[in-house]
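J.: Numbering (the numbering used here), first residue to last: 406 to 575.
Positions of the beta carbon are idealized from the N, C-alpha and C atoms, including for glycine.
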């Protein structure tokens, strides 16, 4: 009698092992997919936040070096290093560098929708902005999958923020 139960129990153990061997790869693949989607979401939110915060910093009125701006002081929108550092600090963990950040300036769209640029690059000698001009910050970061999956290529995540410069607020 014990021999009959013993052989049945061994068959059940073998069946459980086989089921685990069939289901485990599918489960791990789904778990990896959840991690990839979560990382993609984090990259997207971080790049968007970095762009928005850098543009907000650049469009601020005043000077980063002092409370009363002198004519020789660099305005926030001319502080290229400060703008890029603000973006980098607002996107921790994704490896954002200054090379991933582009800063330009324009007058905004006119009545026919045409945008006239002021400067294509940020520099301390950027022409003075007037109320209504815009600071444009573009942050680009390449998304790389944790595990390369056939058919899925790495792609850039791009966020562009336009912020209107208000000039001196009194």
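Just to confirm my understanding: we take residue 458, look at its own chain, exclude 5 residues before and 5 after, and list those with CB closer than 7 angstroms. What are they?
T.: The residue you call residue 458 lines up with position 53 of the chain shown. Around residue 458: 491, 492 and 495.
J.: Kindly give me the distance between the Cβ atoms of residue 479 and residue 529, rounded to whole angstroms, as I take these residues to be in contact under 8 angstroms.
T.: Residue numbering aside, residue 479 sits at position 74 when the chain shown is read from its first letter. Residue numbering aside, residue 529 sits at position 124 when the chain shown is read from its first letter. The pair is a contact, with the Cβ atoms about 5 angstroms apart (cut-off 8 angstroms).
J.: Is residue 431 helix, strand or coil when you go by DSSP?
T.: Your numbering for residue 431 matches position 26 in the chain shown. Of the three classes helix, strand and coil, the one that applies to residue 431 here is helix, per DSSP.
J.: If you compare alpha carbons, which of 511, 516, 486 and 567 is closest to residue 502?
T.: Locating residue 502 in the chain shown gives position 97, counting from the first residue. Nearest C-alpha to residue 502: 486.
J.: Hey, residue 462 and residue 481: beta-carbon distance below 8 angstroms or not?
T.: The residue given as residue 462 occupies position 57 in the chain shown. The residue given as residue 481 occupies position 76 in the chain shown. Cβ atoms of residue 462 and residue 481: closer than 8 angstroms.
J.: Just to confirm my understanding: we take residue 571, look at its own chain, exclude 5 residues before and 5 after, and list those with CB closer than 8 angstroms. What are they?
T.: Along the chain shown, one-based indexing puts residue 571 at 166. Contacts found: 464, 466 and 536.
J.: Could you pull out every residue in the same chain whose Cβ sits closer than 6 angstroms to the Cβ of residue 542, ignoring the five residues on either side in sequence?
T.: Position 137 of the chain shown, counting from 1, holds the residue named residue 542. Correct list, in chain order: 456, 459, 460, 508 and 566.
J.: Look at the alpha carbon of residue 398 and the alpha carbon of residue 423, and state the distance between them as a whole number of angstroms.
T.: Here the chain covers residues 406 to 575 and nothing more, so residue 398 does not appear.
J.: Give the DSSP bridge partners of residue 455, in chain order.
T.: Locating residue 455 in the chain shown gives position 50, where the first residue counts as 1. Per the DSSP secondary-structure output, residue 455 pairs with nothing in a beta bridge.
J.: Looking only at its chain, what residues have a beta carbon closer than 7 angstroms to the beta carbon of residue 559, apart from the 5 residues adjacent to it on each side?
T.: One-based indexing of the chain shown puts residue 559 at position 154. Cβ contact annotation for residue 559 (same chain, cutoff 7 angstroms, sequence separation greater than five): 547, 548, 549 and 550, in chain order.
J.: Spell out the partners DSSP gives residue 514 in its beta bridges.
T.: Counting from 1 along the chain shown, the entry for residue 514 is found at position 109. Its beta-bridge partners are 520.
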